[in-house]
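Below is one structure, written out as structure tokens; comments come after it.
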Amino acid sequence: MGEVSLVDVSKQFTSRGSNPHTVFALRRVSFTIRDGEVAVLIGPSGCGKTTALRVAMGLEQASHGHVMVDGREVHGCGHDRGMVFQHAELLPWLTALQNVAFGLEMKGMRGAALHDTAMRYLELVGLKDSWNRRPHQLSGGMRQRVGIARALAIDPKVLLMDEPFGALDAQTRESLQVELLDIQARTGKTILFVTHDLDEAVLLADRVVVMRDGELQEIVDVALPRPRGDIGALRSSPEFGAIRYRIWQALHQAPAVVH
Numbered sequence: 001m002g003e004v005s006l007v008d009v010s011k012q013f014t015s016r017g018s019n020p021h022t023v024f025a026l027r028r029v030s031f032t033i034r035d036g037e038v039a040v041l042i043g044p045s046g047c048g049k050t051t052a053l054r055v056a057m058g059l060e061q062a063s064h065g066h067v068m069v070d071g072r073e074v075h076g077c078g079h080d081r082g083m084v085f086q087h088a089e090l091l092p093w094l095t096a097l098q099n100v101a102f103g104l105e106m107k108g109m110r111g112a113a114l115h116d117t118a119m120r121y122l123e124l125v126g127l128k129d130s131w132n133r134r135p136h137q138l139s140g141g142m143r144q145r146v147g148i149a150r151a152l153a154i155d156p157k158v159l160l161m162d163e164p165f166g167a168l169d170a171q172t173r174e175s176l177q178v179e180l181l182d183i184q185a186r187t188g189k190t191i192l193f194v195t196h197d198l199d200e201a202v203l204l205a206d207r208v209v210v211m212r213d214g215e216l217q218e219i220v221d222v223a224l225p226r227p228r229g230d231i232g233a234l235r236s237s238p239e240f241g242a243i244r245y246r247i248w249q250a251l252h253q254a255p256a257v258v259h
């Protein structure tokens, strides 16, 4: 199983200065990502989408509400959730294989099992032949692949991804989007993915969670069939365009309605 829920989550802090006041990064946000589902959080900068992801991971504590994984309340980080950041954050003195193996070592894995498991996940992301390269010897896209392999290797129930392709060029980003679709199809992982890109949201998601000003604005179903291999044809389809426009409306003008 891999169901994750945010239940009535708020995150607030007090501003600094001569007139301190309470600021809400999140205000009473609730949603559930079902087992095996890809859900995408989208919204403008400062809307709270990354804060929601970090609360789900346990990197930040909610001021109110709680996070549930498979019906169990969780506090802090845990091996049931894996994180992929916008920048891969690899350890520069380790090889690709050693970076993937790092989390497995923290779980107590050793020896041949450690090597074979790390290599299997490098192969999953297409980097089996680059196992002995260090981060400075890898392209940006390759480093992100290592980051994805590292997160998947600990076999989390939920994979959390914070704009992992946002810093990449368009061609590399599209290639990794296709790879992520393939990886999710093969592993069945539950994924919560943050982006500000409308096309990326529609391409990847089963549902899109639209956020504005720290609040959940709307949840939009993406009724597009899987697998989504021919993304060029998919993006040019009227169904894709209609869903994209619905999300655009929710971002810019629609009232707060949750379906």
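All the letters of the sequence shown, read from the start, carry residue numbers 1 to 259 under UniProt numbering.
Yeah, the Cβ is synthetic: ideal placement off N, Cα and C, and Gly gets one too.
Please read all numbers here as calculations on a predicted model, not as lab measurements.
(Q) When you compare the CB positions of residue 125 and residue 90, do they come within less than 7 Å of one another, or not? (A) On the sequence shown, residue 125 is found 125 positions in, with the first residue counted as 1. On the sequence shown, residue 90 is found 90 positions in, with the first residue counted as 1. Their beta carbons are not under 7 Å apart, which means residue 125 does not touch residue 90 by this criterion.
(Q) Can you give me the C-alpha to C-alpha distance between residue 26 and residue 68, rounded to a whole angstrom? (A) If you number the sequence shown from 1, residue 26 lands on position 26. If you number the sequence shown from 1, residue 68 lands on position 68. Their Cα atoms are separated by approximately 17 Å.
Q | Per-residue DSSP class, three states only, for residue 82 | A | Position 82 of the sequence shown holds residue 82. Reduced to three states, the DSSP call for residue 82 is strand.
Q.
DSSP three-state label for residue 128, please.
A. Indexing the sequence shown from 1 puts residue 128 at position 128. DSSP places residue 128 in helix when its eight states are reduced to three.
**Q.** Bounding residues of the alpha helix (DSSP H) (the contiguous stretch that carries residue 253)
**A.** Counting from 1 along the sequence shown, the entry for residue 253 is found at position 253. Run containing residue 253: none; DSSP gives neither H nor E here.
Q. In angstroms, rounded to a whole number, what distance separates the CA positions of residue 13 and residue 94?
A. If you number the sequence shown from 1, residue 13 lands on position 13. If you number the sequence shown from 1, residue 94 lands on position 94. Approximately 37 Å between the Cα atoms of the pair.
Q.
Between which residues of its own chain and residue 156 is the CB-CB distance below 7 Å, once the five residues before and five after are set aside?
A. One-based indexing of the sequence shown puts residue 156 at position 156. Same-chain partners within the cutoff: 79, 80, 81 and 82.
**Q.** Which of helix, strand or coil DSSP assigns to residue 43
**A.** Position 43 of the sequence shown, counted from the start, is the residue given in the question as residue 43. Three-state result, residue 43: coil.
Q: Give the straight-line distance between the Cα atoms of residue 42 and residue 228, rounded to the nearest whole angstrom.
A: Counted from its first residue, the sequence shown places residue 42 at position 42. Counted from its first residue, the sequence shown places residue 228 at position 228. Distance between the alpha carbons of residue 42 and residue 228 is about 20 Å.
Q.
To the nearest angstrom, how far is the alpha carbon of residue 166 from that of residue 99?
A. Start at 1 with the first residue of the sequence shown, and residue 166 comes out as number 166. Start at 1 with the first residue of the sequence shown, and residue 99 comes out as number 99. Between residue 166 and residue 99, the C-alpha separation is close to 22 Å.
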